[in-house]
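Numbering (UniProt numbering), first residue to last: 1 to 496. In this text, a Cβ means the ideal position worked out from N, Cα and C, and glycines have one as well. The structure appears right after this line, and notes come after that.
Spelled out as structure tokens, the structure:
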């Protein structure tokens, strides 16, 4: 299987795409104005304890108070005196304790964000800290050595234990061996142990001097985080369209995974990097509700607050034998397509897939097996339950960040929130990309952009610095003109 990672950077936005056999499988977006918080560690203060919910709200300096459940709190050992009861970064687990026994209002806590704020909900927190490196995850409060269940070769699991035990020794720190540690040398693993030890010492120093609401550890930015989590021996190329970020990526890979250093390359072609393999078009299609199938059938994907539903329809597909055969083949194709769409759209939480009713039990098993096979390459944890008598498959997919649609779109004011439209911010970056594309293809002294008044106002007020950078980059002046009759998603780039 051919796999590539494409990294696209503009002044205010970074995007990372994973392409397998020429087809987009994953896309990650990070904007300078709204970087995610997952993985960051903060010094917080408990604002309110709610025994009925077994949870508390914690101020960590974000717009909304964050949520901390009792099950996510490390319990202080019984031997710790009352004068140390406020320190939550210690051993043991809050298995069955009441929230009131674990924390109190006004208490300072060291917490890690495990889920970004989503919709109206604040961030989800945990006091079980974890800091990842390329091959390991450091667990500062747990003296244990765990190995990813995805490494199923028992000899390899034992080899990893044998390599790491001497490196860890009697250290009070715990470690989890990540999936991509499989086959790695003792030197690589030793490097990660040393690296994580240094990081934890810095975090401890930051905790000691931090004020409430201050960040004491920050997760890597998207390009390097993508390389850490997505780059493995099966990836043929990583193409980066920014020279500066390419150098950072090359340095990072040389330091942490030198055997893959030759996979990183700078992409300097005139054609925009996301035009390769039609990635831009695939992103646009991933924002639509309907997903066509090659057979003529289609999926309808509806994302709501409570869950995501996927409805399978035969459409124009009539099959060659009988109705059962038509339904079975459509469901097989739909299972594969649904697995890809969940990963591509970053859909999480509860998911219900409404397959077309089948009477043959073997057909049901085959469709379920196809779905599980499609999900096997998903980096997010998924759990699939047996198909119901109605042909419904219930499943869950772990969600830590907003879905692609919620990142790029907003409720449409024209339909009172029944649908969505791209935000003015999203259109702004599309305009910037279109300007760069147009200048590369055609000669022009200056450019004029026609767009909706909201988009033009945003560009002139909030993106003026970015416009100046873009004008300097293309060596041409750009004029923006508001058109009242343009919808928010509509714009034109005119060459003058």
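Kindly list the residues whose CB is nearer than 8 Å to the CB of residue i, restricted to its own chain and excluding five residues on each side of it in sequence; keep chain order.
| i | result |
| --- | --- |
| residue 497 | Nothing in the structure corresponds to residue 497, since the chain is present only between 1 and 496. |
| residue 392 | 352, 353, 354 and 355 |
| residue 224 | 248, 249 and 252 |
| residue 25 | 18, 19, 340, 343, 344 and 377 |
Near residue i, which residues of its chain fall below 7 Å by C-beta distance, leaving aside the five closest residues on each side in sequence?
| i | result |
| --- | --- |
| residue 38 | 113, 114, 115, 116, 219, 400 and 401 |
| residue 337 | 291, 293 and 299 |
| residue 102 | 70, 73, 75 and 94 |
| residue 420 | 405, 409, 410, 411 and 412 |
| residue 9 | 241, 242 and 245 |
| residue 207 | 43, 110 and 216 |
If you run the structure through DSSP and keep just helix, strand and coil, what is residue i?
| i | result |
| --- | --- |
| residue 67 | strand |
| residue 287 | coil |
| residue 134 | coil |
| residue 407 | helix |
| residue 89 | Caution is warranted here: a pLDDT of 44 is assigned to residue 89, below 50, making its placement in the model unreliable, and no coordinate value can be reported. |
| residue 215 | strand |
| residue 494 | strand |
| residue 298 | strand |
| residue 378 | coil |
| residue 280 | helix |
| residue 292 | strand |
| residue 304 | coil |
| residue 456 | helix |
| residue 97 | coil |
| residue 30 | strand |
| residue 108 | strand |
| residue 255 | helix |
| residue 102 | helix |
| residue 81 | With a pLDDT of 37 at residue 81, under the threshold of 50, the predicted position of this residue should be treated as unreliable, and no value is reported. |
| residue 481 | strand |
| residue 115 | strand |
| residue 58 | strand |
| residue 1 | coil |
| residue 151 | coil |
| residue 271 | coil |
| residue 401 | coil |
| residue 420 | strand |
| residue 358 | coil |
| residue 488 | coil |
| residue 10 | strand |
Give the range of the beta strand (DSSP E) segment to which residue i is assigned.
| i | result |
| --- | --- |
| residue 237 | 235 to 240 |
| residue 226 | No beta strand (DSSP E) contains residue 226, which is instead part of the alpha helix (DSSP H) from 222 to 230. |
| residue 14 | 13 to 20 |
| residue 43 | 41 to 50 |
| residue 387 | First-last for residue 387: undefined, no H or E at that position. |
| residue 449 | 446 to 451 |
| residue 309 | 308 to 313 |
| residue 264 | 264 to 266 |
| residue 352 | 349 to 354 |
| residue 393 | 392 to 397 |
| residue 124 | 124 to 126 |
Within its chain, find whatever has a CB closer than 6 Å to the CB of residue i; leave out the 5 residues flanking it on each side and keep chain order.
| i | result |
| --- | --- |
| residue 535 | With the chain represented from 1 up to 496, any question about residue 535 goes unanswered, as that position is not in the structure. |
| residue 250 | 264 |
| residue 311 | 300 and 354 |
| residue 452 | 486 and 488 |
| residue 500 | The question about residue 500 has no answer here: the residues shown for the chain are numbered 1 through 496. |
How would you write the range of the alpha helix (DSSP H) that residue i sits in, first residue to last?
| i | result |
| --- | --- |
| residue 206 | 186 to 209 |
| residue 431 | 424 to 441 |
| residue 472 | 464 to 474 |
| residue 142 | Careful: residue 142 lies outside any alpha helix (DSSP H) and carries neither H nor E. |
| residue 177 | Unbroken run through residue 177 is the beta strand (DSSP E), 174 to 177; no alpha helix (DSSP H). |
| residue 340 | 323 to 345 |
| residue 74 | It is not in any alpha helix (DSSP H) - residue 74 carries neither H nor E in the DSSP assignment. |
Which whole-angstrom value is the C-beta distance of residue i and residue j, which I expect to be below 8 Å?
| i | j | result |
| --- | --- | --- |
| residue 266 | residue 243 | 6 Å |
| residue 582 | residue 458 | Nothing about residue 582 can be reported from this structure: the residues present for the chain run from 1 to 496 only. |
| residue 502 | residue 335 | No information on residue 502 is available, as it lies outside the stretch 1 to 496 that the chain covers here. |
| residue 481 | residue 454 | Not quite, the Cβ-Cβ distance comes to about 14 Å (not below 8 Å), so this is no contact. |
| residue 274 | residue 17 | 7 Å |
| residue 168 | residue 145 | 6 Å |
| residue 303 | residue 332 | No, residue 303 and residue 332 are not in contact; Cβ-Cβ is about 24 Å, not under 8 Å. |
| residue 106 | residue 46 | 6 Å |
| residue 434 | residue 493 | 5 Å |
| residue 295 | residue 324 | 15 Å between Cβ atoms; not a contact. |
Does the contact criterion of 3 or more C-beta pairs under 8 Å hold for the region 164 to 180 versus the region 128 to 148?
yes
Between the region 184 to 202 and the region 22 to 41, do at least 3 Cβ pairs fall closer than 8 Å?
no
If contact is defined by three or more beta carbon pairs under 8 Å, each pair taking one atom from either stretch, is the region 195 to 213 in contact with the region 4 to 14?
no
Would you be able to state if there are at least three C-beta pairs under 8 Å between the region 244 to 262 and the region 270 to 284?
no
Is it true that the region 60 to 67 meets the region 116 to 130, where meeting means three or more beta-carbon pairs spaced less than 8 Å apart?
yes
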